[in-house]
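Numbering (the working numbering), first residue to last: 15 to 232.
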């Protein structure tokens, strides 16, 4: 079988071809298997968000903000960036993902060394603690343009870039040794009638980071 060509691509240009070229496989699991329990906790969110259908009927400002941003995220406009990123950040904040010591950011640039060249990946939303990025969110933008690809390869490219960036900070800022592997949390979001969240956990191995950086095959 012929080897697939590896080229220096930015994270936003990654497709299933890059995953095949680097022998990266995505394994799908149901929620019970993925979270290793059939009993998932109830969401810790303002119950008004669940019961309110229209933002103008919201009984409080927080509910109005979430429902209004959801409405904007569902207003699909061709060739324009949607408000899914804004909704993701507001929703994560409402679910308690941003306590003191953690910060949510949008459109985060991530340096990516691939095939000996410097490129970058760009995460739609990231969650940062004091020392490292711990969560990535990537929107499925295929509703914006026919040229937009599957968000999972882009999310994986961001995870590889994040792993390298986090390791660099460990060495330069904290004086700690690099990690050989790290579990990173990632979410892909798509716009349908209601934005659906599909979590994807991945190991960004040091091996993958190095092989992507110099273009070698695993």
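In this text, a Cβ means the ideal position worked out from N, Cα and C, and glycines have one as well.
By DSSP's criteria, residue 125 is part of a beta bridge. Which residues make up the other side? The bridge partners DSSP lists for residue 125 are 134.
Quick one: any contact between the segment 122–142 and the segment 166–178, if contact means 3 or more CB pairs under 8 angstroms? Yes, since at least three Cβ pairs between the segment 122–142 and the segment 166–178 fall closer than 8 angstroms, the two stretches touch.
Report the CB separation of residue 126 from residue 200 in whole angstroms; it is logged as a contact under 8 angstroms. In this structure, residue 126 and residue 200 do not form a Cβ contact; the two beta carbons are roughly 15 angstroms apart against a cut-off of 8 angstroms.
For residue 61, count neighbouring C-beta atoms within 10 Å of its own C-beta (all shown protein chains included) and say buried if the count is 16 or more, exposed if not. Exposed, since its Cβ has fewer than 16 Cβ neighbours within 10 Å.
Closer than 7 angstroms by C-beta to residue 27: which residues in its own chain qualify, once you throw out the five before and the five after it? Chain order, please. Hits under 7 angstroms: none found.
What runs of the beta strand (DSSP E), each 3 residues or longer, lie entirely inside the segment 50–121? As far as the segment 50–121 is concerned, it has no whole beta strand (DSSP E) run of at least 3 residues.
To the nearest angstrom, how far is it from the Cα of residue 84 to the Cα of residue 99? When rounded, the separation of the alpha-carbon atoms in residue 84 and residue 99 is 10 angstroms.
Is it buried or exposed, residue 150, if we count other Cβ atoms within 10 angstroms and call 16 or more buried? Counting other Cβ atoms within 10 Å of its Cβ, residue 150 reaches 16 or more and is therefore classed as buried.
How far does the alpha helix (DSSP H) with residue 153 in it reach, from first residue to last? Here residue 153 belongs to no alpha helix (DSSP H); instead the beta strand (DSSP E) covers 147–153.
Cutting at 8 angstroms between CB atoms, please list the residues of its own chain near residue 15, excluding the five before and the five after it. With a pLDDT of only 48 at residue 15, under 50, the local geometry of the prediction cannot be trusted, and no value is derived from it.
What is the rounded straight-line gap between the Cα of residue 203 and the Cα of residue 188? Near 33 angstroms, if we compare the C-alpha coordinates of residue 188 and residue 203.
Could you tell me if residue 210 is buried or exposed, where buried requires 16 or more neighbouring beta carbons within 10 angstroms of its beta carbon? Summary for residue 210: the model assigns pLDDT 43, below 50, so the residue's position carries little reliability; its value from the coordinates is reported in the next sentence. Residue 210 is exposed by the Cβ-count criterion.
Keeping to the same chain, check which residues put their C-beta closer than 8 angstroms to that of residue 58; ignore five residues upstream and five downstream. So the qualifying residues of the chain are 109, 110.
From residue 113 to residue 18, what does the alpha carbon distance come to, in whole angstroms? In this structure, the CA atom of residue 113 is about 44 angstroms from the CA atom of residue 18.
I'd like to confirm the pairing. Which residues does DSSP put opposite residue 18 in its beta bridges? Bridge partners of residue 18: none, in fact.
Inter-residue CB distance, residue 143 and residue 115 (contact presumed, cutoff 8 angstroms): 6 angstroms between Cβ atoms; contact.
Kindly indicate the opening and closing residues of the alpha helix (DSSP H) around residue 176. Taken as a continuous stretch (DSSP letters only), the alpha helix (DSSP H) holding residue 176 covers 165–186.
Taking the alpha carbon of residue 106 as the reference point, which residue from 66, 67, 154, 80 has its own alpha carbon closest? Checked all of 66, 67, 154, 80; the closest Cα to residue 106 is 80.
I'd like the list of long-range same chain contacts for residue 46, defined as Cβ closer than 7 angstroms, with 5 residues on each side in sequence excluded. Once the five neighbours on either side are set aside, the close Cβ partners of residue 46 are 52.
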